[in-house]
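**Student:** Once you've had a glance at the structure underneath, I'll fire off some questions.
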Amino acid sequence: MIAHARRAVPSSLLFVAAVLVVALLVLVEHWPYTLWPLQGMAVGLLAAAAAWCFDEPAAAITDTTPRQLAWQTTARSAGVVALLLVWVVAVAQTRSGYFGHALDVAWQGVAATLVVTAIVTWRRSRHVATPAGSAFAATVMVSLALAVVKPLARYVEVFPYASSGHWGGARTLWTAAAVLAVAVLWGALGGLSSSRVLRR
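Here's what the structure looks like:
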């Protein structure tokens, strides 16, 4: 599994994405009042980069082997874990820029990554070999809209701003999204049958 992860995970792409995410967070830390939309963009870029871990150019071969999707996904998740570690450390180091809500910002990144992972894994379970391209574009565009245009601001703040933002509502939204993502991921991987494959 480690050897497969080493070959399959796009390390160079993830490194570039991680550097960009950290740079966005540093900018937010230094100018939180003027550059706050970059926080939402950083969340989107983090989640979008995670999607690239799950592309399978050789799906015609790998999807017919005894090692099912659960095994492939687990191996490729090493790249996602590395991205999330960078995210958590970066948020912790730049926590002074989040109006006392560093934990909420960290959770946004984790939840968004879970959502994108669930979507691309579900598409892989439907035999889409390389879903990352469309997932990347959609995630970046949606996060950009939510962070800058804020089309849902009348109903819920996806990326709350300053200490007066509705952080509690956003926390509930992100948690619900994460729970739904886990359910979709579990279903895409075959539930209990996938667990048996992994134990073997």
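Positions in the sequence shown are counted from 1; adding 702 to them yields my numbering.
From the three backbone atoms N, C-alpha and C, an ideal C-beta is built for every residue, glycine too.
Keep in mind the model is a prediction, meaning the values are calculated, not measured.
1. Going by Cα to Cα distance, which pick from L771, I821, V745 and P712 is closest to L846?
2. For S779, which of helix, strand or coil comes out of DSSP?
3. In whole angstroms, give me the CA-to-CA distance for T874 and F717.
4. Let me know if P853 comes out buried or exposed under the rule of 16 or more other beta-carbons within 10 Å of its beta-carbon.
5. Under the three-state reduction of DSSP, which class applies to Y857: helix, strand or coil?
6. Can you tell me which of the three DSSP states F838 falls into?
7. Mind checking T877: buried by the 16 CB within 10 Å criterion, or exposed?
8. Secondary structure at H732, three-state DSSP: helix, strand or coil?
9. Where does L816 fall in DSSP's three states?
10. State the Cα-Cα distance for the pair H698 and V884, rounded to the nearest angstrom.
11. Considering only their Cβ atoms, is the gap separating L727 from V793 smaller than 8 Å?
12. Does the separation of the CB atoms of L891 and T796 fall below 8 Å?
13. For A847, which three-state DSSP category applies?
14. Am I right that V842 and A752 are in contact with their C-beta atoms under 8 Å? What's the rounded C-beta distance?
15. Determine the closest residue to A834 out of V858, R778, L805 and A784, with distance taken between C-alpha atoms.
16. Using the three-state DSSP reduction, which class does A878 fall into: helix, strand or coil?
17. Reducing DSSP to helix, strand and coil, say where P862 ends up.
18. I'd like the list of long-range same chain contacts for P712, defined as Cβ closer than 6 Å, with 5 residues on each side in sequence excluded.
**Tutor:** Taking the definition as stated:
1. V745
2. helix
3. 31 Å
4. exposed
5. coil
6. helix
7. exposed
8. helix
9. helix
10. The chain is shown from 703 up to 902; residue 698 falls before or after that span and cannot be answered.
11. yes
12. no
13. helix
14. Actually they are not in contact, since the Cβ atoms of V842 and A752 sit about 12 Å apart, beyond 8 Å.
15. R778
16. helix
17. coil
18. W754
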